[in-house]
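First residue of the sequence shown? That's 82 in our numbering, and the numbers climb one at a time after it.
Every residue gets a Cβ at the ideal spot worked out from N, C-alpha and C, and that includes glycine.
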Amino acid sequence: MAGIVSRNFDAADETRPFEEGKGRLDLLNTDHGPVGRAVFEPGWRWSSHVKPLAGTESCMAAHVGYLASGRMKIVMDDGESAEVGPGDFISIAPGHDAWTLGDEACVVLDWAGFGDYAKR
82 MAGIVSRNFD AADETRPFEE GKGRLDLLNT DHGPVGRAVF EPGWRWSSHV KPLAGTESCM
142 AAHVGYLASG RMKIVMDDGE SAEVGPGDFI SIAPGHDAWT LGDEACVVLD WAGFGDYAKR
């Protein structure tokens, strides 16, 4: 293993587009597991733009990440909800829906939940 690894999401190992062009997931495969950068365009909603890819009623990925820009609303299956924005750390259990708020893309870095996210 190298002492320093530097990778760029613009040269991702894999890019997974969301339905209707509402964003994408750029995935880097690392020695420590997958790391993803997702760009959720304005109007993106998990239940509309990823659910058809995932085939589950709600998002079943656990997320541990950081919001670099934009805003997002997250609603758990039990009704718990939160709004998150730039600079926020997030830890989200499986069983949720989410959508972008406003007219700015929401960019999220995730170290836990994007390995199988938006995968057909």
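Spatial distance of residue i from residue j (CA atoms)
i, j, result
"residue 174", "residue 104", "22 Å"
"residue 121", "residue 87", "24 Å"
"residue 142", "residue 83", "30 Å"
"residue 139", "residue 158", "8 Å"
"residue 109", "residue 163", "28 Å"
"residue 172", "residue 93", "23 Å"
"residue 125", "residue 102", "9 Å"
Collapsed DSSP secondary structure at residue i in the structure displayed
i, result
"residue 90", "helix"
"residue 84", "coil"
"residue 180", "strand"
"residue 115", "strand"
"residue 154", "strand"
Cutoff 8 Å; reference residue i; Cβ partners in own chain excluding five residues on either side
i, result
"residue 91", "107"
"residue 166", "148, 151, 152, 153"
"residue 111", "86, 88"
"residue 127", "139, 140, 177, 178, 179, 180"
Close beta carbons around residue i, own chain, < 6 Å, minus the five adjacent residues each side
i, result
"residue 183", "152"
"residue 100", "130, 133"
Spatial neighbours of residue i in its chain, beta-carbon cut-off 7 Å, leaving aside the 5 residues before and after
i, result
"residue 118", "90, 107, 188, 190"
"residue 192", "116, 145, 146"
Where residue i falls, given that 16 or more other Cβ within 10 Å makes a residue buried
i, result
"residue 97", "buried"
"residue 181", "buried"
"residue 145", "exposed"
"residue 170", "exposed"
"residue 160", "exposed"
8 Å contact criterion, which residue i and residue j should meet: CB distance rounded
i, j, result
"residue 185", "residue 123", "7 Å"
"residue 199", "residue 135", "7 Å"
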